[in-house]
Amino acid sequence: MKALLIFCFIFWISNISGCTSKLDIHPAYLPTAVVGKYYEQVVEIEKNNLVGEIIIDTNLLENSGIQFKKVGEDDYFYENSIKIYGTPRNVGKFYVELRGYYRGGAGGSSVKFNKKYDFIINDKWVFILHK
Numbered sequence: 095m096k097a098l099l100i101f102c103f104i105f106w107i108s109n110i111s112g113c114t115s116k117l118d119i120h121p122a123y124l125p126t127a128v129v130g131k132y133y134e135q136v137v138e139i140e141k142n143n144l145v146g147e148i149i150i151d152t153n154l155l156e157n158s159g160i161q162f163k164k165v166g167e168d169d170y171f172y173e174n175s176i177k178i179y180g181t182p183r184n185v186g187k188f189y190v191e192l193r194g195y196y197r198g199g200a201g202g203s204s205v206k207f208n209k210k211y212d213f214i215i216n217d218k219w220v221f222i223l224h225k
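FYI, in the numbering used here the residues of the sequence shown are 95 to 225.
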């Protein structure tokens, strides 16, 4: 009986720690872009088993000149790298948000992730400090 209680306790602790897993996404912020100057940044999502498609949401204008492409290294991890590129045409403060699910919860369940970036496009180079 005591062995069963110990097993249940260990199983419970391992499930709790599985629920608190966190996905690493880099960089922490997107570098500022400049109108008329080619921009390229790759966002790397930790090499983990993503579930389904990653949703890329943004409020960039349709004619912004910025595009998004999934450029992961192979069929298994192709969604783990997102390339943001192009020549910006519009000045402003926008956002880029990545949403999806990955395996990392209790018993291998899916865990939702969400990373929202500020994406600033200036008409000239401006030095900006990030936290």
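Ideal Cβ placement from N, Cα and C applies to all residues, glycine included.
Quantities reported herein were computed from a predicted structural model and do not represent experimental measurements.
Excluding the 5 residues preceding and the 5 following residue i in the sequence, name in chain order all residues of the same chain whose CB lies nearer than 8 Å to its CB.
i    : result
H120 : V137, E138
E173 : I139, L144, E147, I148, K164, G166, G194
N157 : R183, N184
Only counting the same chain, and skipping five residues up and downstream in sequence, which positions put a Cβ closer than 6 Å to that of residue i?
i    : result
E140 : L117, D118
K211 : In the sequence under discussion, the amino acid at residue 211 is Tyr, which differs from the Lys named in the question. Counting only Cβ-Cβ distances below 6 Å, and skipping sequence neighbours, we find L124, V190.
Under the rule that 16 or more other beta-carbon atoms within 10 Å means buried, what is residue i, buried or exposed?
i    : result
G194 : buried
L144 : buried
I149 : exposed
L154 : buried
S203 : exposed
C113 : Low local confidence applies: a pLDDT of 48 at C113 is under 50, so the model's placement there is unreliable, and no value is given.
G198 : buried
If contacts are defined as beta-carbon pairs under 8 Å, then residue i and residue j qualify, I think. What distance do you get, rounded to the angstrom?
i    : j    : result
I214 : T152 : Actually they do not touch by this definition, with Cβ atoms about 13 Å apart.
N216 : V185 : 6 Å
K209 : L192 : 5 Å
G207 : Y196 : The sequence shown places Phe at residue 207, rather than the Gly named in the question. The Cβ separation is near 6 Å, so the contact holds.
Beta strand (DSSP E) segments (min. 3 residues) lying fully within the region 112-170: Scanning the region 112-170 for uninterrupted beta strand (DSSP E) segments of 3 residues or longer gives 133-139, 144-152, 160-164, listed from N- to C-terminal end.
Meets three-Cβ-pair contact criterion under 8 Å: the region 172-181 and the region 133-142: The region 172-181 is in contact with the region 133-142.
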